[in-house]
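A short worksheet on the structure shown next.
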Amino acid sequence: MAKVSIIGAGVVGLCVANELLARNVKVNIYDKKTEAGPHACSWWAGGMLAPFCESESAEEEVCRFGQEAAAWWSKRTNVINRGSLVVASSRDGSDFNRFKRLTSNHELISGESIANLEPDLNDKFARALFFENEAHIDPRIALRDLTNQLRQAGVKISTAEPPRDLSKRIDCRGLAAKDILHDLRGVKGEMLVIRTNDVSFQRPIRLLHPRLPLYIVPRGNGVFMLGATTIESEDRENVSVRSMLELLSAAYALSPSFGEAEILEIGVDLRPAFKDNLPKIRKIDNVIYANGLYRHGYLLAPAVAKQVADLLLNDTAGEFVDENYH
Numbered sequence: 039m040a041k042v043s044i045i046g047a048g049v050v051g052l053c054v055a056n057e058l059l060a061r062n063v064k065v066n067i068y069d070k071k072t073e074a075g076p077h078a079c080s081w082w083a084g085g086m087l088a089p090f091c092e093s094e095s096a097e098e099e100v101c102r103f104g105q106e107a108a109a110w111w112s113k114r115t116n117v118i119n120r121g122s123l124v125v126a127s128s129r130d131g132s133d134f135n136r137f138k139r140l141t142s143n144h145e146l147i148s149g150e151s152i153a154n155l156e157p158d159l160n161d162k163f164a165r166a167l168f169f170e171n172e173a174h175i176d177p178r179i180a181l182r183d184l185t186n187q188l189r190q191a192g193v194k195i196s197t198a199e200p201p202r203d204l205s206k207r208i209d210c211r212g213l214a215a216k217d218i219l220h221d222l223r224g225v226k227g228e229m230l231v232i233r234t235n236d237v238s239f240q241r242p243i244r245l246l247h248p249r250l251p252l253y254i255v256p257r258g259n260g261v262f263m264l265g266a267t268t269i270e271s272e273d274r275e276n277v278s279v280r281s282m283l284e285l286l287s288a289a290y291a292l293s294p295s296f297g298e299a300e301i302l303e304i305g306v307d308l309r310p311a312f313k314d315n316l317p318k319i320r321k322i323d324n325v326i327y328a329n330g331l332y333r334h335g336y337l338l339a340p341a342v343a344k345q346v347a348d349l350l351l352n353d354t355a356g357e358f359v360d361e362n363y364h
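For any residue, its number in this note's numbering is found by taking its place in the sequence shown, counting from 1, and adding 38.
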């Protein structure tokens, strides 16, 4: 097979390149930058591999295909297998009960069991849901590891415009592909990165709230990522005071020690999504487009990459392949 050109070096493009490389297909990558960074939506992700938690609001496919993610990532980057924890204040008990009802593969724990998992919660919550089989990664390290592995295999990431006569092209440009994928939309997400040595959470923790659920993900060395808003807006420049106040207030509710934390970063970007919030793989004019992973980039990119490879190499249509464009 002729060398395959991948347009876009975010999480989807890098995963597709890695998957094809594992199947002995040579690839080139084209992107505006040669390194992952703040220009990419993937940079601002939480990195939670939490398919069971996501089933509270996401489609069934997200949970099913997301269960493959941790195994795929563990061959390529450091995956932290400590599960995840879901809590709610006593006044938000109905939200907790609803989350418990809509999700699976969890254990209802209380008191000493919560303290054993996360002593820094300081008996603030009477009960919690422990999702033992979930995991998380540091997305920035994952992007770096994928990039390094590809380079070690001789793959080049070029900032040049890709030649128009490429016979094998896979477009993974995210929202930039809206020029072709007209039904693609951007969903705004805002996040914070903070640092404190006074909190030592070991796993992602979700705090349920009717207006703004929070998740906080430990990144090591006292660094935590707080996220994330989900706003139907394509403004990728501005972060609202309300969003930051609500994220910080929710973190403070988890542990007052966050009140003295240092704010390292405030980030905002747009998640590419289709109307049903599920990924789509489309073949248009001999170009394969892989896009629309919404809030599930790191959770679903491995499955999307596998299905792109199957379509390219075997003309096999997986569930994310859009039957109207195949």
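C-beta atoms are modelled at their ideal positions from N, C-alpha and C, and glycine is treated no differently.
Predicted model, so just to flag it, every value in this text is computed and none were measured.
Residue i (DSSP reduced to helix, strand or coil)
i, result
"residue 226", "strand"
"residue 287", "helix"
"residue 134", "helix"
"residue 277", "coil"
"residue 264", "strand"
"residue 214", "helix"
"residue 353", "coil"
"residue 336", "helix"
"residue 74", "coil"
"residue 235", "coil"
"residue 177", "helix"
"residue 344", "helix"
"residue 305", "strand"
"residue 297", "helix"
"residue 259", "coil"
"residue 49", "helix"
"residue 183", "helix"
"residue 80", "helix"
"residue 244", "strand"
"residue 191", "coil"
"residue 58", "helix"
"residue 89", "helix"
"residue 252", "strand"
"residue 329", "strand"
"residue 315", "coil"
"residue 362", "helix"
Closest by C-alpha distance to residue i, when choosing among the options
i, options, result
"residue 299", "358, 189, 173 and 259", "259"
"residue 176", "160, 114, 148 and 348", "114"
"residue 104", "341, 157 and 358", "341"
"residue 360", "336, 245 and 329", "329"
"residue 221", "320, 111, 348 and 173", "320"
"residue 198", "72, 280 and 297", "72"
"residue 79", "355, 132, 331 and 356", "331"
"residue 261", "109, 84 and 333", "84"
"residue 134", "345, 61, 91 and 273", "91"
"residue 127", "336, 216 and 252", "252"
"residue 202", "43, 184 and 362", "43"
"residue 107", "349, 49, 275 and 295", "49"
"residue 336", "69, 86 and 60", "86"
"residue 96", "137, 58, 119 and 70", "137"
"residue 149", "291, 355 and 162", "162"
"residue 324", "362, 204 and 184", "204"
"residue 322", "143, 60 and 215", "215"
"residue 278", "291, 230 and 295", "230"
"residue 132", "248, 257, 273 and 274", "248"
"residue 297", "82, 40 and 234", "234"
"residue 343", "292, 69, 111 and 88", "111"
"residue 291", "81, 264, 276 and 275", "264"
"residue 70", "200, 272 and 119", "200"
"residue 367", "362, 41, 101 and 353", "The first residue shown for the chain is 39 and the last is 364, placing residue 367 beyond what the model contains."
"residue 142", "119, 102, 349 and 164", "102"
Proximity of residue i and residue j at Cβ, strictly below 9 Å
i, j, result
"residue 312", "residue 99", "no"
"residue 45", "residue 208", "yes"
"residue 146", "residue 94", "no"
"residue 213", "residue 310", "yes"
"residue 130", "residue 246", "yes"
"residue 195", "residue 289", "no"
"residue 302", "residue 232", "yes"
"residue 173", "residue 117", "yes"
"residue 327", "residue 152", "no"
"residue 281", "residue 308", "no"
"residue 58", "residue 347", "yes"
"residue 338", "residue 61", "no"
"residue 160", "residue 293", "yes"
"residue 81", "residue 74", "yes"
"residue 306", "residue 333", "no"
Beta carbon proximity, residue i to chain C, threshold 9 Å
i, result
"residue 358", "Structure shown: chain C not included; a single protein chain is present."
Check your understanding: Contact between the stretch 212-229 and the stretch 254-272: three or more CB pairs below 8 Å?
Key -> yes
Practice item. Would you check if there are 3 or more beta carbon pairs closer than 8 Å linking the stretch 119-131 to the stretch 161-181? Key: yes
Review point. Are the stretch 300-317 and the stretch 173-192 touching by the rule of at least three beta carbon pairs closer than 8 Å?
Key: no
**Study point:** Secondary structure, alpha helix (DSSP H): runs of 4+ residues fully inside the stretch 94-174
**Key:** 98-104, 107-112, 131-140 and 149-155
Check your understanding: Is the stretch 55-74 touching the stretch 186-201, taking contact as three or more C-beta pairs under 8 Å?
Key -> yes
Check your understanding: Would you call the stretch 200-215 and the stretch 42-56 touching, i.e. three or more CB-CB distances under 8 Å?
Key -> yes
Review point. Would you call the stretch 229-242 and the stretch 153-164 in contact, with 3 or more CB pairs under 8 Å?
Key: yes
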